[in-house]
Amino acid sequence: MKKKGLIIALVVTLVAALTLAGCGGTETGGGGEEAGDAVIRIGVYEPMTGDSAAGGQMTWEGIELANELYPEVLGKKVQLFLEDNKTDKSEAANAVHRLIEHHNVVAIIGSYGSSMSMAGGPVAQEKGIPVVGCSPTNPLVTLGNDYYFRVCFIDPFQGRVMAQYAFEDLGADTAVIIRNVADDYAVGLGNYFQEAFVEFTGSEDSILAVLDYQKGDQDFTAQLTTVKNHNPDVIFAPGLYGDSALMIRQARELGIEQPFLGGDTWEAPEFIEVGGADVEGVVLSTHYSPEATVTDISKEFVEVYTDKFGKEPNAFAALGFDAYMVILDAIERAGSAEPEAIRDALAATENFEGVTGVITLDVNGDATKSAVILKVENGEFRYLTTVDPN
Amino acid sequence: MGRIALQPPGFYSTVAKAYRKQPNRWGLLLTGGVILSLVLFIYWAGGHFNPYQVRILNLIGINIGLGLSLNLINGFTGQFSLGHAGFMAVGAYTTTLLMMPPAIKQMNFFMMPLVSPLDQIQLPFLAALLLGGLLSALMGVLIGAPVLRLRGDYLAIATLGFSEIIRIVITNIRSVTNGALGLKGIPAYTNLWWSWGFALLTIFVMTRLIHSSYGRAFKAIREDEIAAEAMGIGLSRHKMLAFTLAAFLAGIGGGFQASLLTTIEPNMFRFTLTFEILLMVVLGGMGSITGTVIAATIVTILKEVLRGVEAPMNLGFISLPGIPGMRMVIFSLLLILVVLFYREGIMGQRELSWERLLGQKDSSPERGVEI
Chain F
19 MKKKGLIIAL VVTLVAALTL AGCGGTETGG GGEEAGDAVI RIGVYEPMTG
69 DSAAGGQMTW EGIELANELY PEVLGKKVQL FLEDNKTDKS EAANAVHRLI
119 EHHNVVAIIG SYGSSMSMAG GPVAQEKGIP VVGCSPTNPL VTLGNDYYFR
169 VCFIDPFQGR VMAQYAFEDL GADTAVIIRN VADDYAVGLG NYFQEAFVEF
219 TGSEDSILAV LDYQKGDQDF TAQLTTVKNH NPDVIFAPGL YGDSALMIRQ
269 ARELGIEQPF LGGDTWEAPE FIEVGGADVE GVVLSTHYSP EATVTDISKE
319 FVEVYTDKFG KEPNAFAALG FDAYMVILDA IERAGSAEPE AIRDALAATE
369 NFEGVTGVIT LDVNGDATKS AVILKVENGE FRYLTTVDPN
Chain R
25 MGRIALQPPG FYSTVAKAYR KQPNRWGLLL TGGVILSLVL FIYWAGGHFN
75 PYQVRILNLI GINIGLGLSL NLINGFTGQF SLGHAGFMAV GAYTTTLLMM
125 PPAIKQMNFF MMPLVSPLDQ IQLPFLAALL LGGLLSALMG VLIGAPVLRL
175 RGDYLAIATL GFSEIIRIVI TNIRSVTNGA LGLKGIPAYT NLWWSWGFAL
225 LTIFVMTRLI HSSYGRAFKA IREDEIAAEA MGIGLSRHKM LAFTLAAFLA
275 GIGGGFQASL LTTIEPNMFR FTLTFEILLM VVLGGMGSIT GTVIAATIVT
325 ILKEVLRGVE APMNLGFISL PGIPGMRMVI FSLLLILVVL FYREGIMGQR
375 ELSWERLLGQ KDSSPERGVE I
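Taken in sequence, the protein lines are chains F and R.
Numbering-wise (my numbering), the first sequence opens with residue 19 and increments by one.
Numbering-wise (my numbering), the second sequence opens with residue 25 and increments by one.
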């Protein structure tokens, strides 16, 4: 009994200590608030842990870097507040709530992953706080939500870009789509590629087959055998980098020589690590490439990022950087840090020169801007061409 | 006579006491008082708490209901089921599809239209919830009939598999569920009255059920199936009853959660969701209503309070940078401590009663003897 009492005491003390430590932490946050209106508070909710942790951390690097380079607007310091959404919908909504209620932020950046953004969106809309997404590409994120914007292009555009590339540059007349059916991104992208490709070729039969697989599948032999029988000109395979790299390896083993095309999720070092020599020649569309520095600020970004992190910047860091810069630009144009004023200024964003290109936000709050096409060569992503929206 | 002699000493007096135990008048009054003050608190909280705190309160209410429904199968009937995420998915999707306004449906299904007549239907929240619960209960019957013949680990694996099947079916029937794209813009009806009404109703139903002849039969099945059958308890009938009722409540809980989050997608309902609820049941004590209520409250609050640990900290003499994921480490440590030293959870199989609280001799029998 004595031992039990001791353990209870231990657990209670631990919990109490943690709770106090937690309060201590938040109090320091409150200390900044006391300084009055000298600080502009911007919230960030990103998946720092969980399935999408890699994406969230890359984005956060970009946001932090932007804050370091441009720490002030309207003569006030900008303070960032990060909340982890654990790659979980419920947590994402809670995180947005906490940013607004607890940290009193005037604008929010996030999140990597469309599903988390869709959970956080309504909360921000209800409270009238504008959000700028970095890389959620699902059209539903901004649809019907006046307070959600994003600095990336959306799936329909990306699907179209790849269809255009396949038709015009590769001269393809037939294609097969293999997609991860459990992933909204892959399903959306596949759909828009199909629509655009049919339009370009002018034939309903140009898509020979649409094949599904599940997230985490290890064996793609069944789908790939079907692909081989159809013998298409190109294979469009939107999905996560791990699954896709594995699939391409198996395809090459089966003797499928046709080019594989994919989307921005493939732009990760792991894609090449897993795929090795088999992913050579794979073509993908993405938001940004350090080799295609389109604006002055992109040059600066590449230099500073390489200096600080000792590696080449990726698209997600660049998008995080741009999301921060777009908000800062809106605050400056609004001349005020009131959420409503920021929202209105954001909606009017036009020809903003960001790292990832020239950004104009349309009626839905989506960015219309150019996409970059990359090709894997000698174990590296190399810049191929830029495609403008039309 | 020989059979009677086999029972441990004091067996019959305990059984007799358990049967004789009637809620005394003071207890009823006190219970009424507690419910009244809870209602007043909810009314007060609705006006004074900020939306973030209200949200946490809502989550607590829903989690209590979900935890209790899982406890009914796992704790009281002793059938280790891991299918809760599947039932919640059925409830959440049915409720959502039935109550969502047609205009919002059209916006969601921009890639593949929703099949008629679902695209025109719009029911009130309560009707949609109940239908969601009923469909989930129907699933419970369908899956329970073959699967409840299994025991222990086999049952756990079969129910886990079933829950994954539901998720994959939802992912693939895109013209009904919108597949992996998920649904957004679900009307946010869930408020404190709904979520706590759900919690209170579940507590009430569970208490009545557990103290009825059905409840005693559930516990008998948990302790020893063969002995229970020998005593004339219909095994499959009672298991099915517990399973179906739990599925019904889980479906309703899923509906509430969908309306609280205002967005759902198949990946929400992975088996990790089941484990989160299982955590509350195990932490509180398998087979204790009070335990589940306490654990659901603590777990839900702790998950948010520990966010502070991840923020950059200033301890006066040293400044620590924020470490994302830290709170899950602490959470896991607490869990390990509890499981190591409190194998039975916070309450074991005990319940709080007024007798116990007011220091009177506890009349509820100890673990193992109670039927």
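The beta carbon of each residue, even a glycine, is placed where N, CA and C say it ideally should be.
Values in this document were obtained by computation on a predicted structure and should not be read as measured data.
Looking at C-alpha atoms only, which residue of the options is the closest neighbour of residue i?
i: residue 91/R; options: 160/R, 120/R, 125/R, 270/R; result: 270/R
i: residue 85/F; options: 99/F, 136/F, 294/F, 198/F; result: 99/F
i: residue 206/R; options: 212/R, 196/R, 316/R; result: 196/R
i: residue 222/F; options: 230/F, 212/F, 63/F, 231/F; result: 212/F
i: residue 105/F; options: 128/F, 116/F, 118/F; result: 128/F
i: residue 379/F; options: 64/F, 358/F, 344/F; result: 344/F
i: residue 167/R; options: 186/R, 65/R, 251/R; result: 186/R
i: residue 385/F; options: 342/F, 152/F, 171/F; result: 171/F
i: residue 257/F; options: 280/F, 250/F, 249/F; result: 280/F
i: residue 241/F; options: 251/F, 249/F, 230/F, 250/F; result: 230/F
i: residue 69/R; options: 57/R, 216/R, 315/R, 363/R; result: 216/R
i: residue 150/F; options: 77/F, 205/F, 190/F, 219/F; result: 77/F
i: residue 348/R; options: 63/F, 62/F, 60/F, 67/F; result: 67/F
i: residue 213/R; options: 149/R, 268/R, 235/R; result: 149/R
i: residue 375/F; options: 324/F, 407/F, 397/F, 306/F; result: 306/F
i: residue 294/R; options: 69/F, 401/F, 65/F; result: 69/F
i: residue 207/F; options: 190/F, 174/F, 74/F, 357/F; result: 174/F
Which residues in the same chain as residue i place their Cβ atom closer than 8 Å to its Cβ, once the five residues preceding and following it in sequence are excluded?
i: residue 94/F; result: 55, 56, 57, 58, 355
i: residue 209/R; result: 124, 128, 131, 132, 286, 287
i: residue 257/R; result: 241, 244, 245
i: residue 239/F; result: 268, 272
i: residue 381/R; result: none
i: residue 297/R; result: 108, 109, 112
i: residue 54/R; result: 378
i: residue 176/R; result: 104
For a test of the three-state rule: what should DSSP assign to residue i, helix, strand or coil?
i: residue 52/F; result: Reliability of the predicted coordinates at residue 52/F is poor, the pLDDT of 42 falling under 50, and the value obtained from them is presented with this limitation in mind. Looking at residue 52/F - three-state DSSP - the assignment turns out to be helix.
i: residue 200/F; result: coil
i: residue 39/F; result: In this prediction, residue 39/F has a pLDDT of 46, which is less than 50 and means its spatial position is unreliable; what the coordinates show is noted afterwards. Of the three classes helix, strand and coil, the one that applies to residue 39/F here is helix, per DSSP.
i: residue 232/F; result: coil
i: residue 134/R; result: coil
i: residue 343/R; result: strand
i: residue 225/F; result: strand
i: residue 253/F; result: strand
i: residue 16/F; result: The requested residue 16/F is not part of the displayed model; chain F covers only 19 to 408.
Since residue i is in the beta strand (DSSP E), which residue starts that stretch and which ends it?
i: residue 393/F; result: 389-395
i: residue 62/F; result: 57-64
i: residue 397/R; result: Residue 397/R is absent from the model: chain R starts at 25 and stops at 395.
i: residue 238/F; result: Note, residue 238/F: premise wrong, no beta strand (DSSP E); not H, not E.
i: residue 401/F; result: 398-405
i: residue 232/R; result: Residue 232/R -> not in any beta strand (DSSP E); alpha helix (DSSP H) instead, spanning 216-234.
Enumerate in chain order the residues of its own chain whose CB-to-CB distance from residue i is below 7 Å, with the five nearest sequence positions on each side excluded.
i: residue 50/F; result: Caution is warranted here: a pLDDT of 40 is assigned to residue 50/F, below 50, making its placement in the model unreliable, and no coordinate value can be reported.
i: residue 260/R; result: 172
i: residue 110/F; result: 63, 103, 129, 134, 137, 138
i: residue 296/F; result: 266, 267, 270
i: residue 102/R; result: 245, 246
i: residue 6/F; result: Because chain F here runs from 19 to 408, residue 6/F falls outside it and cannot be looked at.
Over the uninterrupted alpha helix (DSSP H) stretch that includes residue i, give me the two end residues.
i: residue 76/R; result: 75-95
i: residue 173/F; result: 173-182
i: residue 321/F; result: 314-327
i: residue 277/R; result: 259-285
i: residue 303/F; result: From DSSP, residue 303/F is part of no alpha helix (DSSP H) but of the beta strand (DSSP E) over 301-304.
Using a Cβ-Cβ cut-off of 6 Å (strictly less than) and excluding sequence neighbours within five positions of residue i, which residues of its own chain qualify?
i: residue 289/F; result: 259, 263
i: residue 373/F; result: 315, 316, 319, 336, 339, 340
i: residue 147/R; result: 122, 123
i: residue 264/R; result: 168
Is the closest heavy atom of the ligand ATP to the C-beta of residue i under 7 Å?
i: residue 306/R; result: The ligand ATP is absent from the structure shown, which contains no ligand whatsoever.
Flag residue i as yes if its beta-carbon sits less than 8 Å from any beta-carbon of chain C, otherwise no.
i: residue 95/F; result: The structure shown contains no chain C; its protein chains are F and R.
Quick one: any contact between the segment 175-183 of chain F and the segment 290-308 of chain F, if contact means 3 or more CB pairs under 8 Å? With the cut-off at 8 Å, the segment 175-183 of chain F and the segment 290-308 of chain F touch.
Could you say if the segment 346-354 of chain F and the segment 363-382 of chain F meet the contact criterion of at least three C-beta pairs nearer than 8 Å? With a cut-off of 8 Å, the segment 363-382 of chain F and the segment 346-354 of chain F count as touching, because enough Cβ pairs lie within range.
Given 8 Å, three or more beta-carbon pairs between the segment 137-156 of chain F and the segment 111-126 of chain F: The segment 137-156 of chain F is in contact with the segment 111-126 of chain F.
Inter-stretch contact (C-beta, 8 Å, three-pair minimum) for the segment 189-204 of chain R and the segment 56-63 of chain R: Proximity of the segment 189-204 of chain R to the segment 56-63 of chain R falls short of the contact definition, fewer than three beta-carbon pairs being nearer than 8 Å.
Does the contact criterion of 3 or more C-beta pairs under 8 Å hold for the segment 183-200 of chain F versus the segment 152-172 of chain F? The segment 183-200 of chain F, when compared against the segment 152-172 of chain F, does not touch it at the 8 Å Cβ threshold.
Three or more C-beta pairs under 8 Å: does that hold for the segment 131-148 of chain R against the segment 291-306 of chain R? As far as the Cβ criterion goes, the segment 131-148 of chain R does not touch the segment 291-306 of chain R, which means the pair count is below three.
Inspect the CB distances between the segment 151-158 of chain R and the segment 270-282 of chain R and report whether three or more fall short of 8 Å. The segment 151-158 of chain R, when compared against the segment 270-282 of chain R, does touch it at the 8 Å Cβ threshold.
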